[in-house]
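Notes follow once the structure below has been shown.
Next comes the structure, spelled out in structure tokens:
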């Protein structure tokens, strides 16, 4: 099975690209979805996160906004949360991948926002980075999240620069243009992945 990591910067259009890959019939394993699952009651990281951040819980109910506030300006707390959650997220993703493998899928995409910053690079064989110009990224983020320009820039600059991600990528998707351009790029990549899989067999 060919394992592809999909990433990008905030508001570069990674979620749209992920949906386009799914439309092409490629299974998507979504790290953000797994992050929600592992801190639900009964989830793999639920007990550890509640013990570390009891002030963010009311009984079994997690207040995500409160947790966000706790970690946003505190690196030590953010690192602690990541240490508690990442092994559980990884486990969930591997379980889902094995399910697709058993079902006979030949290509799977791991949608991981912090692929290069985190500890999951080794899960994938190749990486795809979705990018756009910073002014487009800024406009999209301000519109999508209702942020001021300063707030949006702070979020963009809190991440690894997109140019650095581009340098580490095996494949690039340019999202400066229209949705049709994006669809064509995704379709071409799907063909490439299928060819690569055949060559590897």
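In my numbering, the protein residues as written are 2 to 202.
Just so you know, even glycine gets a beta-carbon here, dropped at the ideal spot from N, CA and C.
By how many angstroms is the C-alpha of residue j removed from the C-alpha of residue i?
{"i": "residue 42", "j": "residue 196", "result": "42 Å"}
{"i": "residue 46", "j": "residue 191", "result": "34 Å"}
{"i": "residue 188", "j": "residue 84", "result": "36 Å"}
{"i": "residue 199", "j": "residue 107", "result": "9 Å"}
{"i": "residue 130", "j": "residue 163", "result": "9 Å"}
{"i": "residue 161", "j": "residue 175", "result": "18 Å"}
{"i": "residue 76", "j": "residue 63", "result": "20 Å"}
{"i": "residue 181", "j": "residue 152", "result": "30 Å"}
Per DSSP, residue i forms a beta bridge with which residues?
{"i": "residue 62", "result": "59"}
{"i": "residue 111", "result": "6, 30"}
Beta-carbon within less than 7 Å of residue i's beta-carbon, same chain only, minus the 5 sequence neighbours each way: which residues are those?
{"i": "residue 29", "result": "19, 22, 23, 110, 112"}
{"i": "residue 1", "result": "Only positions 2 to 202 of the chain appear in this structure, which leaves residue 1 out of reach."}
{"i": "residue 194", "result": "3, 5, 108"}
Enumerate in chain order the residues of its own chain whose CB-to-CB distance from residue i is below 8 Å, with the five nearest sequence positions on each side excluded.
{"i": "residue 93", "result": "35, 38, 39, 45"}
Kindly indicate which residue of the options has the alpha-carbon position closest to the one of residue i.
{"i": "residue 4", "options": "10, 15, 123, 50", "result": "123"}
{"i": "residue 91", "options": "181, 32, 180, 50", "result": "32"}
{"i": "residue 184", "options": "9, 8, 11, 15", "result": "15"}
{"i": "residue 120", "options": "89, 148, 150, 132", "result": "89"}
{"i": "residue 159", "options": "78, 26, 87, 115", "result": "115"}
{"i": "residue 133", "options": "117, 177, 104", "result": "177"}
Which same chain residues, not among the five before or five after residue i, have their C-beta less than 6 Å away from its C-beta?
{"i": "residue 50", "result": "40, 85"}
Within the chosen definition, does the segment 61–78 reach the segment 87–101 through at least 3 CB pairs nearer than 8 Å? no
Whether or not the segment 48–65 and the segment 135–144 are in contact is what I'm after, with contact meaning three or more pairs of Cβ atoms, one per stretch, closer than 8 Å; do they touch? no
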